[in-house]
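Q: Quick one: the structure is below, questions incoming.
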Amino acid sequence: MSAKPKVAFFEFTSCEGCQLTVVDSLQDHPELLDAVEIVQFREAISEKGEDYAIAFIEGSCSRPSDEPKLQAIRQQAAIVVALGACAHLGGINAIRNRMPLQEVREYVYGDRAEWFETYEPRPIKDVIKVDAVIPGCPIDRREFIKAVTHLLQGRMPFIPDQPLCMECKLKENICVYTRGKVCLGPITLAGCDAICPTYGDGCEGCRGLIANPNIEAMRQVMHEHGLTDEAIDAKLSMFLTNQIMALEEAG
Amino acid sequence: MSFKIMPKAALPDWVTWLKNRYRVVGPTARQGQYVFAEIASPDELVLDYPTSVLPPKKYLLPQRETLFTFDAQSMQMKANIEWEPTVILGVHTCDMHAIRLLDKVHATGYTDQHYQAHRQHTTLVSIECLSPCMEHSFCKSMGTLTVPEDYDLHLTDLGDSYGVDVGSEKGEALLQGFTAIWDPTSEDYQRINKVMAEKWPRFSYRLNFDVTELPDLLALSNNSSLWNELGDICLGCGQCTKVCPTCYCFDVRDEVDLSLTKGERTRTWDSCQIDRFATVAGGHNFRSTRALRNRHRFMRKGKYHLEAYGLIGCVGCGRCAAACLVHITPVDTFNELYRRHKKGELLEEAKQA
Amino acid sequence: MTTLLKETLKHSSIYLPTPARITAVKDLTALEKLFTIELPSGFSLNHRPGQFVQISVLGVGEAPISISSSPSRSNGSFEVCVRRVGSVTNAMHALKPGAMLGLRGPFGRGFPVERFRGKDILFVPGGLGLAPLRSLINEVLDERGKYGRVIILYGTRTPADILFRDEIAQWQQRTDIEFHMTVDRPDESWTGNVGVITTLFPKIQIHPRNMVAVVVGPPVMYRFVLMELLGKGIAEGNIWFSFERHMKCGVGKCGHCQMHHIYTCQDGPSFSYAEIKHLEEAL
Ligand SMILES: Cc1cc2nc3c(=O)[nH]c(=O)nc-3n(C[C@H](O)[C@H](O)[C@H](O)COP(=O)(O)OP(=O)(O)OC[C@H]3O[C@@H](n4cnc5c(N)ncnc54)[C@H](O)[C@@H]3O)c2cc1C
Ligand code: SF4
Ligand code: SF4
Ligand code: SF4
Ligand code: SF4
Ligand code: SF4
Ligand code: FES
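Protein chains in written order, with the numbering used here: chain U, 130 to 380; chain X, 1067 to 1419; chain C, 954 to 1236.
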């Protein structure tokens, strides 16, 4: 058999939760290690300049100095996959993007703000070309295995392009709206098996928006269910700040 | 065929007795609502449930179903025709009408052997609704408040007993050898007449016109601005179609394991309310807006199915209305179209288009 | 001889494909390849021009693909022309002669060829539309004597997108075919017509009373060509299209191809304008 495809994992601004999920899925699917060779794990960049079949990138790009590193990975990798919400959406980190940057820095770093170089956290697709995304916070381990399988088959990972409500209803969950909670399921991508509503919590939107979401109607629904405008803004900014700001810009 | 009386006290025994022979499913309580599930013990069964989240169609057309398994290397393929002798207890009459439509769909043109296998091994025990299940139902308007002839057994709640109509040999078989039933007395007949007579006034006609006018009304509605109004508020979440007893669209996907050769092809319920449902290669979307997708759904329910299968596509169960977070309902939609029609607006809009 | 479809129906599931072998693969353009697929021994396809098959690459998925060879040239094996656009079609492009596919079909009702006999036929393929139309064109050419004039108006986006160049060269040679071709965007070497497909219409004489027009191309093309044809006085029942819709099952169950109450996979994909003109969603 020909040499196993080389797979590398890189980490930028994130909590490493997705890589933990990867480690978990390796325990469930040890055969994955028969199929690929993992050459980099939890290191930001290789000095050796190896070539990879697949580079998984976890974390958002949150400072200018991340950019050349990302570009170097792009050059070395045949396929770049954004792993998890931070890499996909800018992640929780992007909450602050609606606030002026200087304020954020002063809030976080106090009078030492000028010492730290940070800027608005952004999805890595804003910096380099990304071939595929495995969404979620953290990623879903079955979906990760499926995605690797698809990549090994030579096709792009299939991520459902449907709203979460579809999956939620297939499981015959009782809608959390009927139980006094709010949920972003109608505008969020499915694929996590509706895990939050299954456990009785509303979806926070960690997998990102569906195509052409009706944000206005979603706000209206949350309003009807007792959320104030501020609470709705907060709900929509947990994971979705960058995507919604992009929609607003596009009009 | 025949008519029997079963005392309610005998129901648990009957269910247990059935469980020895069949998989028995029926309405059970879940977090304040009801879902059809396998009955592990008779006390889980709630025959006087209002409505279920998903209709019992999930036993005939499962949410996800493997069509066949394969080995891509050797090109070995094996059809996965699954069935288990199943009794569905407590199917409401609207859902019975929906199953009738599904039967027709899956036998028209090419036969879907997967559906057929489930169907042939399923025995349907329906139950008469004696009062409206919820605010959104409109079965009386749709003509689905009486049971269609396809039932195997049909139950009517007579207080301390059930009237049991035997509709088929399959239904008969569910009673064969079960002794705690008897032939009705004249008193039982009086009781059933009374129950049936009292039931009808409890239901109201919720459409402002006769259902036979619905297809023509919809035919005039192609260019109605109502569709845009619905499209503006619709979330495109697809819940309305997931819960509908007459929806049957599906998506098909292949998955393989990490050997990259062994795998299966599965189908999963899909929804015409989803953005890319009608998108073809090249990116053209034949129903590119939520407005067009709403129109398609209501046309399908009120007109297209009648033209394609001779049966109307909505049975008035109200589930879609109950599920919709933005309150889009068939009753309001159809009534509003009718109102606009009476004011001449539909014709006007059709002329302008 | 058993037809493939009969075999499919005999299977325990209508969704179960029959294995078949690719015997030849030919590059037509950067995006399109022509595959020759051999039927299992003893099978005939027995198709009508305009019908399609569901082709499986096991493990990746299934896609509806039109049969591109004519019935008389599909004994034992047939041809499909496939554009690489997504997972299944990409996977097909990676296959070499000898590789196996799964087949279901042929599905759909195809064009009513016998009703075209004795008539002038105007073929209007746009882009990849030539792939399905080639089946009908060759059927007509194989029995050339049974038809009146044969006119082909072919349009592609650029010269690089032209399919079946060898065959086109032959059509251009023949005196019993009126062939005209145009590209939307020329390159330096292009000396032919430039413009959208409708700009070819002034080049031909149309006697509408005895003419059938068959139009297959991308969705955007249909309205414009239709206006042209109606303007020339061709009867609504003599204008034929093949519709592309999203298709998952091919057998009238999955709902994806539905256009009003019609399942395109069953009642189409070929329709006359008379049949679909009252359907809001058709064109
Ligand atoms: C009757 C018919 C005949 C066709 N004939 C040919 C042909 O001769 N040659 C050819 O190259 N192509 C043909 N097509 C188009 C071909 O079926 C699609 O390009 C193919 O299904 C895309 O599958 P994929 O897995 O490669 O792409 P995907 O990765 O699934 O998706 C790529 C794009 O194709 C769309 N798509 C996916 N599945 C379908 C589907 N089943 N039908 C339509 N669009 C779909 C998606 O919405 C997406 O926009 C035909 C389609 C129909 C309906
Ligand atoms: S709980 Fe959330 S995802 Fe589930 S149906 Fe309700 S809104 Fe949709
Ligand atoms: S339900 Fe929502 S928040 Fe929860 S995992 Fe899924 S997408 Fe993320
Ligand atoms: S349930 Fe309501 S909001 Fe969701 S798709 Fe249906 S009509 Fe639209
Ligand atoms: S359209 Fe709504 S009311 Fe009608 S059958 Fe479907 S879910 Fe029930
Ligand atoms: S809609 Fe009518 S028939 Fe159906 S469950 Fe409700 S009351 Fe019964
Ligand atoms: S392709 Fe499934 S219904 Fe036509």
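In this text, a Cβ means the ideal position worked out from N, Cα and C, and glycines have one as well. Quick caveat: nothing in here was measured; it's all calculated off a predicted structure.
The alpha helix (DSSP H) with residue 147 of chain U in it runs from where to where?
A: 146 to 157 is the span of the alpha helix (DSSP H), which, as asked, contains residue 147 of chain U.
Q: Is the separation between the beta-carbon of residue 1369 of chain X and that of residue 1138 of chain X shorter than 9 angstroms?
A: Contact: no.
Q: Taking Cβ positions only, does residue 1047 of chain C come closer than 9 angstroms to chain U?
A: Chain U contact via Cβ: present.
Q: Considering only heavy atoms of ligand 2 and the C-beta of each residue, which residues fall inside 5 angstroms, strictly closer?
A: Any residue whose Cβ sits closer than 5 angstroms to a heavy atom of ligand 2 makes the list: U:293, U:294, U:297, U:304, U:305, U:312, U:314, U:326.
Q: Does residue 1137 of chain X come out as helix, strand or coil in the three-state DSSP assignment?
A: In the structure shown, residue 1137 of chain X sits in a strand (DSSP, three-state: E or B).
Q: DSSP three-state call for residue 1107 of chain X: helix, strand or coil?
A: It is coil, neither helix nor strand.
Q: Relative to ligand 5, is the shortest distance from any of its heavy atoms to the C-beta of residue 1381 of chain X smaller than 8 angstroms?
A: Under cutoff, so the answer is yes.
Q: Applying a beta-carbon distance threshold of less than 7 angstroms, which residues of chain U neighbour residue 1012 of chain C?
A: Result: 282.
Q: What three-state label does DSSP hand residue 1177 of chain C in the structure shown?
A: Helix.
Q: Of all the options C:1185, C:1159, C:1197, which has the alpha carbon lying nearest to the alpha carbon of residue 1169 of chain C?
A: Ranking the options by Cα distance to residue 1169 of chain C, first place goes to C:1197.
Q: Between residue 1167 of chain C and residue 1193 of chain C, which are expected to be in contact by the criterion C-beta below 8 angstroms, what is the C-beta distance as a whole number of angstroms?
A: Yes, residue 1167 of chain C and residue 1193 of chain C are in contact; Cβ-Cβ is about 5 angstroms, under 8 angstroms.
Q: Judging by CA-CA distance, which residue of C:1121, C:1209, C:1094 is the nearest neighbour of residue 1353 of chain X?
A: Measuring from the Cα of residue 1353 of chain X, the nearest candidate turns out to be C:1209.
Q: Give me the chain C residues within the contact set of residue 1172 of chain X, using Cβ-Cβ distance strictly less than 8 angstroms, ordered along the chain.
A: Those are 1206, listed as they occur along chain C.
Q: So that I know if they touch, is there some Cβ in chain X lying closer than 9 angstroms to that of residue 371 of chain U?
A: No, no contact with chain X.
Q: Determine the direct distance from the alpha carbon of residue 1340 of chain X to that of residue 342 of chain U, and round the result to whole angstroms.
A: Cα to Cα, the separation comes out at about 11 angstroms.
Q: Could you run through the stretch 965 to 992 of chain C and flag, in chain order, every residue whose CB is less than 8 angstroms away from some CB of chain X?
A: Listed in sequence order: 965, 966, 967, 968, 969, 970, 972.
Q: Please report the distance separating the alpha-carbon of residue 1176 of chain C from that of residue 1238 of chain X.
A: Cα to Cα, residue 1176 of chain C sits roughly 59 angstroms from residue 1238 of chain X.
Q: What number of angstroms, rounded off, separates the C-alpha of residue 334 of chain U from the C-alpha of residue 276 of chain U?
A: Cα to Cα, residue 334 of chain U sits roughly 20 angstroms from residue 276 of chain U.
Q: Interface residues of chain C around residue 1294 of chain X at Cβ under 8 angstroms?
A: Within chain C, no residue comes near residue 1294 of chain X; the closest Cβ sits about 14 angstroms away, beyond 8 angstroms.
Q: Taking contact to mean 3 or more Cβ pairs, one atom from each stretch, closer than 8 angstroms, check whether the stretch 346 to 366 of chain U and the stretch 302 to 312 of chain U are in contact.
A: The stretch 346 to 366 of chain U, when compared against the stretch 302 to 312 of chain U, does touch it at the 8 angstroms Cβ threshold.
Q: Tell me the rounded alpha-carbon separation between residue 1399 of chain X and residue 1371 of chain X.
A: Rounded to whole angstroms, residue 1399 of chain X to residue 1371 of chain X spans 18 angstroms at the Cα level.
Q: By Cβ distance below 6 angstroms, which residues in the same chain neighbour residue 1296 of chain X in space, the five residues on each side in sequence not counted?
A: Here the set comprises 1360, 1394.
Q: For residue 364 of chain U, name the three-state secondary structure that DSSP assigns.
A: Of the three classes helix, strand and coil, the one that applies to residue 364 of chain U here is helix, per DSSP.
Q: Taking 6 angstroms as the limit between beta carbons, can you name the residues of its chain near residue 1294 of chain X, skipping five residues before and five after?
A: If we look at residue 1294 of chain X and ignore the five residues flanking it on each side, its Cβ neighbours are 1357.
Q: Under 9 angstroms between beta-carbons, which chain X residues line up against residue 1038 of chain C? List them in chain order, please.
A: Those are 1347, 1348, listed as they occur along chain X.
Q: What residues of chain X sit near residue 308 of chain U, judged by a beta carbon separation below 9 angstroms?
A: By Cβ distance, chain X contributes 1097, 1098.
Q: When the cut-off is 9 angstroms and only beta carbons count, does residue 287 of chain U lie next to chain C?
A: By this cut-off, residue 287 of chain U is an interface position.
Q: For residue 215 of chain U and residue 318 of chain U, what's the separation of their Cα atoms in angstroms?
A: For residue 215 of chain U and residue 318 of chain U, the distance between alpha carbons rounds to 15 angstroms.
Q: Mind pulling the beta strand (DSSP E) runs of 3 or more residues that sit fully within the stretch 1222 to 1305 of chain X?
A: You should have 1227 to 1232.
Q: Cβ of residue 1228 of chain C less than 9 angstroms from any chain X Cβ?
A: No - not a single Cβ of chain X is within 9 angstroms of the one on residue 1228 of chain C.
Q: Per the contact definition of three or more C-beta pairs closer than 8 angstroms, is the stretch 281 to 294 of chain U in contact with the stretch 1080 to 1099 of chain X?
A: Counting Cβ pairs under 8 angstroms, fewer than three are found: no touch.
Q: Consult DSSP for residue 1329 of chain X and reduce its assignment to one of helix, strand or coil.
A: Three-state result, residue 1329 of chain X: strand.
Q: Can you grab the Cα-Cα spacing for the pair residue 1142 of chain X / residue 1042 of chain C, in whole Å?
A: For residue 1142 of chain X and residue 1042 of chain C, the distance between alpha carbons rounds to 22 angstroms.
Q: Just to confirm, is the Cβ distance from residue 1085 of chain X to residue 1314 of chain X under 9 angstroms?
A: No, these two residues do not count as a Cβ contact at 9 angstroms.
Q: Going by Cα to Cα distance, which pick from U:151, U:168, U:218, U:269 is closest to residue 205 of chain U?
A: Ranking the options by Cα distance to residue 205 of chain U, first place goes to U:168.
Q: Out of C:1125, C:1124, C:1195, C:1090, state which residue places its alpha-carbon closest to the alpha-carbon of residue 1026 of chain C.
A: Ranking C:1125, C:1124, C:1195, C:1090 by Cα distance to residue 1026 of chain C puts C:1090 first.
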